[in-house]
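Have a look at the structure below before the remarks.
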Amino acid sequence: MKQCKLAIIIIMFFSVCACSAHAPGTIPVGTWQYDLLVNGVEMGKATISNSIEDNHYVYRFDLTMGNGITQSQDTIVETLDCKPVRLEKHTYIKQASSEQKLDIIAQCNGRTITLLENNVQSAVTLDQDYVLDGNYFLYMLIQNKFKKGIQVKHNVYDPSIEREAAIPVTITLVGTETISVNSVLYKAWKIEQSIGKIKNIIVYCDQNGVVLKSSIKMLNLQLDIIRKD
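Numbering (my numbering), first residue to last: 490 to 718.
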(Lines of atoms letter the chains of each structure in order from A and count residues from 1; the text may use other names and numbers.)
(Lines give C-alpha, C1' and ligand atoms only; values in the text may rest on other atoms or scores of the structure.)
Protein backbone atom coordinates (compact mmCIF):
# COMPACT_ATOMS: atom_id res chain seq x y z
CA MET A 1 0.00 0.00 0.00
CA LYS A 2 2.90 2.39 0.74
CA GLN A 3 4.20 1.76 -2.78
CA CYS A 4 0.77 2.64 -4.21
CA LYS A 5 0.57 5.90 -2.25
CA LEU A 6 4.09 6.87 -3.33
CA ALA A 7 3.27 6.19 -6.97
CA ILE A 8 0.17 8.40 -6.73
CA ILE A 9 2.18 11.25 -5.19
CA ILE A 10 4.80 10.99 -7.93
CA ILE A 11 2.21 11.17 -10.68
CA MET A 12 0.41 14.11 -9.08
CA PHE A 13 3.41 16.34 -8.60
CA PHE A 14 5.16 15.37 -11.84
CA SER A 15 2.42 15.95 -14.34
CA VAL A 16 1.00 19.20 -13.13
CA CYS A 17 2.99 21.47 -15.42
CA ALA A 18 5.62 21.91 -18.09
CA CYS A 19 7.00 25.24 -19.15
CA SER A 20 9.74 27.09 -21.03
CA ALA A 21 12.35 29.73 -20.25
CA HIS A 22 11.25 31.41 -23.48
CA ALA A 23 7.54 31.38 -22.63
CA PRO A 24 6.08 28.95 -25.19
CA GLY A 25 2.91 29.77 -27.04
CA THR A 26 1.82 26.16 -27.37
CA ILE A 27 1.80 23.05 -25.20
CA PRO A 28 4.72 20.75 -26.13
CA VAL A 29 4.11 17.33 -27.64
CA GLY A 30 6.50 14.39 -27.64
CA THR A 31 7.89 11.64 -25.39
CA TRP A 32 10.44 12.02 -22.56
CA GLN A 33 12.26 9.60 -20.25
CA TYR A 34 13.03 10.17 -16.55
CA ASP A 35 14.84 8.57 -13.60
CA LEU A 36 13.19 8.42 -10.18
CA LEU A 37 15.40 8.87 -7.11
CA VAL A 38 14.35 8.43 -3.48
CA ASN A 39 16.83 9.93 -1.00
CA GLY A 40 19.41 9.97 -3.79
CA VAL A 41 19.01 6.29 -4.71
CA GLU A 42 17.55 5.31 -8.09
CA MET A 43 14.24 3.54 -7.47
CA GLY A 44 12.47 3.59 -10.81
CA LYS A 45 11.86 5.06 -14.24
CA ALA A 46 9.11 7.10 -15.83
CA THR A 47 7.96 8.00 -19.33
CA ILE A 48 5.81 11.00 -20.19
CA SER A 49 4.15 11.56 -23.54
CA ASN A 50 1.86 14.32 -24.73
CA SER A 51 0.00 14.29 -28.04
CA ILE A 52 -2.99 15.70 -29.89
CA GLU A 53 -5.49 13.06 -31.04
CA ASP A 54 -8.93 13.79 -32.52
CA ASN A 55 -8.74 17.44 -31.37
CA HIS A 56 -7.95 16.43 -27.79
CA TYR A 57 -4.80 16.50 -25.70
CA VAL A 58 -3.79 13.00 -24.62
CA TYR A 59 -1.30 12.95 -21.74
CA ARG A 60 0.27 9.64 -20.70
CA PHE A 61 2.44 8.86 -17.69
CA ASP A 62 4.05 5.43 -17.20
CA LEU A 63 5.93 4.64 -13.99
CA THR A 64 7.92 1.55 -12.97
CA MET A 65 9.39 1.18 -9.46
CA GLY A 66 11.40 -1.56 -7.78
CA ASN A 67 12.26 -3.70 -10.83
CA GLY A 68 8.62 -3.89 -11.88
CA ILE A 69 7.19 -4.45 -8.40
CA THR A 70 5.06 -1.33 -8.87
CA GLN A 71 3.77 -0.31 -12.29
CA SER A 72 1.42 2.56 -12.98
CA GLN A 73 -0.09 3.83 -16.23
CA ASP A 74 -2.15 7.03 -16.41
CA THR A 75 -3.92 8.47 -19.45
CA ILE A 76 -5.60 11.88 -19.32
CA VAL A 77 -7.78 13.24 -22.12
CA GLU A 78 -8.65 16.94 -22.26
CA THR A 79 -10.17 19.35 -24.75
CA LEU A 80 -7.77 21.77 -26.46
CA ASP A 81 -8.71 24.38 -23.83
CA CYS A 82 -7.97 21.77 -21.13
CA LYS A 83 -11.48 20.90 -20.01
CA PRO A 84 -11.68 17.39 -18.44
CA VAL A 85 -12.85 14.54 -20.68
CA ARG A 86 -11.51 11.21 -19.43
CA LEU A 87 -9.04 9.71 -16.97
CA GLU A 88 -7.67 6.16 -16.89
CA LYS A 89 -5.44 4.80 -14.10
CA HIS A 90 -4.00 1.29 -14.07
CA THR A 91 -1.77 0.30 -11.13
CA TYR A 92 -0.14 -3.06 -10.44
CA ILE A 93 1.72 -3.86 -7.20
CA LYS A 94 3.46 -7.17 -6.50
CA GLN A 95 4.24 -8.02 -2.89
CA ALA A 96 5.86 -11.05 -1.29
CA SER A 97 2.64 -13.03 -0.94
CA SER A 98 0.09 -11.09 -2.95
CA GLU A 99 -0.64 -8.97 -5.99
CA GLN A 100 -2.79 -5.86 -6.14
CA LYS A 101 -4.42 -4.36 -9.21
CA LEU A 102 -6.30 -1.08 -9.43
CA ASP A 103 -8.12 -0.11 -12.61
CA ILE A 104 -10.06 3.16 -12.70
CA ILE A 105 -11.78 4.86 -15.63
CA ALA A 106 -13.42 8.25 -15.04
CA GLN A 107 -15.64 9.71 -17.76
CA CYS A 108 -16.29 13.41 -17.17
CA ASN A 109 -19.54 15.21 -17.94
CA GLY A 110 -19.37 18.55 -16.19
CA ARG A 111 -19.37 18.03 -12.44
CA THR A 112 -20.81 14.53 -12.84
CA ILE A 113 -18.23 11.78 -13.26
CA THR A 114 -18.99 8.18 -14.22
CA LEU A 115 -16.50 5.85 -12.54
CA LEU A 116 -15.59 2.29 -13.47
CA GLU A 117 -13.46 0.91 -10.62
CA ASN A 118 -12.28 -2.67 -11.12
CA ASN A 119 -15.36 -3.23 -13.32
CA VAL A 120 -17.77 -1.73 -10.76
CA GLN A 121 -19.64 1.29 -12.11
CA SER A 122 -20.82 4.27 -10.08
CA ALA A 123 -21.40 8.01 -10.47
CA VAL A 124 -20.04 10.95 -8.49
CA THR A 125 -21.22 14.56 -8.60
CA LEU A 126 -18.71 17.07 -7.27
CA ASP A 127 -19.77 20.30 -5.56
CA GLN A 128 -17.10 22.37 -7.33
CA ASP A 129 -15.46 22.79 -10.72
CA TYR A 130 -12.31 20.75 -11.33
CA VAL A 131 -9.61 19.88 -13.83
CA LEU A 132 -7.59 16.74 -14.54
CA ASP A 133 -3.87 16.48 -13.84
CA GLY A 134 -2.76 16.97 -17.43
CA ASN A 135 -2.02 20.21 -19.28
CA TYR A 136 -4.29 22.71 -17.51
CA PHE A 137 -1.66 24.54 -15.46
CA LEU A 138 0.70 24.99 -18.41
CA TYR A 139 -2.26 26.20 -20.48
CA MET A 140 -2.99 28.89 -17.89
CA LEU A 141 0.66 29.98 -17.75
CA ILE A 142 0.58 30.41 -21.53
CA GLN A 143 -2.68 32.37 -21.32
CA ASN A 144 -1.02 34.68 -18.78
CA LYS A 145 2.13 35.04 -20.94
CA PHE A 146 4.37 33.53 -18.25
CA LYS A 147 4.27 36.62 -16.10
CA LYS A 148 6.74 36.30 -13.23
CA GLY A 149 4.93 35.80 -9.93
CA ILE A 150 1.71 34.55 -11.53
CA GLN A 151 -0.19 32.10 -9.34
CA VAL A 152 -2.63 29.55 -10.72
CA LYS A 153 -5.06 27.66 -8.50
CA HIS A 154 -7.59 24.94 -9.26
CA ASN A 155 -9.01 21.69 -7.91
CA VAL A 156 -7.59 18.50 -9.47
CA TYR A 157 -9.72 15.35 -9.55
CA ASP A 158 -7.98 12.03 -8.96
CA PRO A 159 -10.28 9.21 -7.74
CA SER A 160 -7.31 7.10 -6.61
CA ILE A 161 -6.75 9.72 -3.89
CA GLU A 162 -10.27 11.00 -3.22
CA ARG A 163 -13.22 9.75 -5.26
CA GLU A 164 -15.83 12.29 -4.11
CA ALA A 165 -13.80 15.50 -3.98
CA ALA A 166 -11.10 17.33 -5.91
CA ILE A 167 -7.73 18.28 -4.41
CA PRO A 168 -6.62 21.95 -4.29
CA VAL A 169 -3.46 22.57 -6.31
CA THR A 170 -1.52 25.84 -6.55
CA ILE A 171 1.47 26.71 -8.73
CA THR A 172 3.53 29.90 -8.55
CA LEU A 173 5.91 30.97 -11.32
CA VAL A 174 8.99 32.14 -9.38
CA GLY A 175 11.18 33.10 -12.35
CA THR A 176 14.22 31.74 -14.19
CA GLU A 177 17.20 29.95 -12.69
CA THR A 178 20.27 28.19 -14.07
CA ILE A 179 20.44 24.54 -12.97
CA SER A 180 22.57 21.50 -13.77
CA VAL A 181 20.91 18.28 -14.92
CA ASN A 182 23.18 15.35 -15.81
CA SER A 183 26.15 17.78 -15.92
CA VAL A 184 24.42 20.04 -18.45
CA LEU A 185 23.50 23.63 -17.57
CA TYR A 186 19.99 24.84 -18.38
CA LYS A 187 18.27 28.17 -17.96
CA ALA A 188 14.91 27.02 -16.66
CA TRP A 189 11.71 28.34 -15.20
CA LYS A 190 11.34 27.60 -11.50
CA ILE A 191 7.85 26.77 -10.27
CA GLU A 192 6.73 26.24 -6.70
CA GLN A 193 3.79 23.90 -6.29
CA SER A 194 1.48 22.66 -3.56
CA ILE A 195 -0.89 19.69 -3.71
CA GLY A 196 -3.31 19.65 -0.81
CA LYS A 197 -1.19 19.71 2.35
CA ILE A 198 2.05 18.90 0.48
CA LYS A 199 3.89 22.21 0.08
CA ASN A 200 7.58 21.61 -0.60
CA ILE A 201 7.45 20.91 -4.34
CA ILE A 202 9.77 22.50 -6.91
CA VAL A 203 9.53 22.00 -10.68
CA TYR A 204 12.14 23.13 -13.25
CA CYS A 205 11.36 23.24 -16.97
CA ASP A 206 13.54 23.71 -20.04
CA GLN A 207 13.44 26.05 -23.03
CA ASN A 208 11.37 23.57 -25.06
CA GLY A 209 8.53 23.42 -22.57
CA VAL A 210 9.35 20.11 -20.87
CA VAL A 211 10.05 19.23 -17.22
CA LEU A 212 13.78 18.92 -16.46
CA LYS A 213 13.55 18.09 -12.79
CA SER A 214 10.93 17.85 -10.05
CA SER A 215 11.72 17.63 -6.34
CA ILE A 216 9.63 17.11 -3.24
CA LYS A 217 10.46 16.85 0.46
CA MET A 218 8.13 15.02 2.86
CA LEU A 219 9.43 14.47 6.41
CA ASN A 220 12.54 12.29 5.90
CA LEU A 221 11.79 11.57 2.23
CA GLN A 222 13.50 13.37 -0.67
CA LEU A 223 11.96 12.50 -4.03
CA ASP A 224 13.53 13.62 -7.33
CA ILE A 225 12.51 12.95 -10.90
CA ILE A 226 15.24 13.89 -13.41
CA ARG A 227 15.08 13.87 -17.20
CA LYS A 228 17.52 11.40 -18.74
CA ASP A 229 18.39 13.15 -22.03
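All C-beta atoms, glycine included, are put in the ideal place defined by N, C-alpha and C.
Please read these numbers as outputs of a predicted model, since none were measured by experiment.
- Message: Are the CB atoms of Lys702 and Gly664 within a distance shorter than 7 Å?
- Response: No; because the gap between Cβ atoms is not below 7 Å, this pair is not in contact.
- Task: Write down the C-beta distance between Asp713 and Leu526 rounded to the nearest angstrom, noting that I regard them as a contact closer than 8 Å.
- Result: 4 Å
- Residue ranges of each beta strand (DSSP E) run of no fewer than 3 residues wholly in the segment 549-580, ordered along the chain? 559-568
- Item | DSSP bridge partner residues for Asn598 (one or two, in chain order) | Thr601
- Item | Cβ-Cβ separation, Tyr628 to Ile516 (assumed contact under 8 Å), whole Å | Indeed they touch by this definition, with Cβ atoms about 6 Å apart.
- Taking one C-beta from the segment 652-668 and one from the segment 678-685 each time, how about it: are there three or more such pairs within less than 8 Å? yes
- Below 8 Å on the Cβ atoms is my guess for Leu621 versus Leu576; work out the distance and round it to an integer in Å. That pair is a contact at about 5 Å.
- Does the distance from the CB of Gln560 to the CB of Lys717 come in under 7 Å? no
- May I have the straight-line CA-CA distance separating Gly514 from Asn624, to the nearest angstrom? The straight-line gap separating the alpha-carbon atoms of Gly514 and Asn624 is approximately 13 Å.
- Task: Would you kindly work out how many angstroms separate the C-alpha atoms of Ala655 and Val645, rounded to a whole number?
- Result: 5 Å
- Task: Might you give, ordered along the chain, the residues of its own chain that have their beta carbon closer than 7 Å to the beta carbon of Thr601, omitting 5 neighbours on each side?
- Result: Ala612, Thr614
- Message: Taking the beta carbon of Val700 as the centre, do at least 16 other beta carbons fall within 10 Å, making it buried, or is it exposed?
- Response: buried
- Below 8 Å CB to CB, which residues in the same chain sit around Ile541 once its five sequence neighbours on both sides are set aside? Val518, Val547, Leu569
- Query: Per DSSP, which one or two residues make a beta bridge with Ala535?
  - Reply: Beta-bridge pairing links Ala535 to Tyr523, Leu552.
- Message: Measuring straight from C-alpha to C-alpha, what distance separates Phe724 and Phe626?
- Response: Summary: the structure shown does not reach residue 724, with the chain confined to residues 490 through 718, and so no result is reported for it.
- Item | Nearest-angstrom Cα separation, counted from Glu531 out to Ile593 | 28 Å
- Message: Which residues does DSSP list as the beta-bridge partners of Pro657?
- Response: Asn644
- Task: Would you kindly work out how many angstroms separate the C-alpha atoms of Gly685 and Asp543, rounded to a whole number?
- Result: Straight-line spacing of the CA atoms in Gly685 and Asp543 works out to 33 Å.
- Message: For Gln589 and His579, what's the separation of their Cα atoms in angstroms?
- Response: For the pair Gln589 and His579, the Cα-to-Cα distance works out to about 11 Å.
- With a cut-off of 8 Å on the beta carbons, I'd call Leu710 and Asn528 a contact; round off their distance for me. 7 Å
- Determine the DSSP secondary structure at Tyr546, reduced to helix, strand or coil. In this structure, Tyr546 counts as strand in the three-state DSSP scheme.
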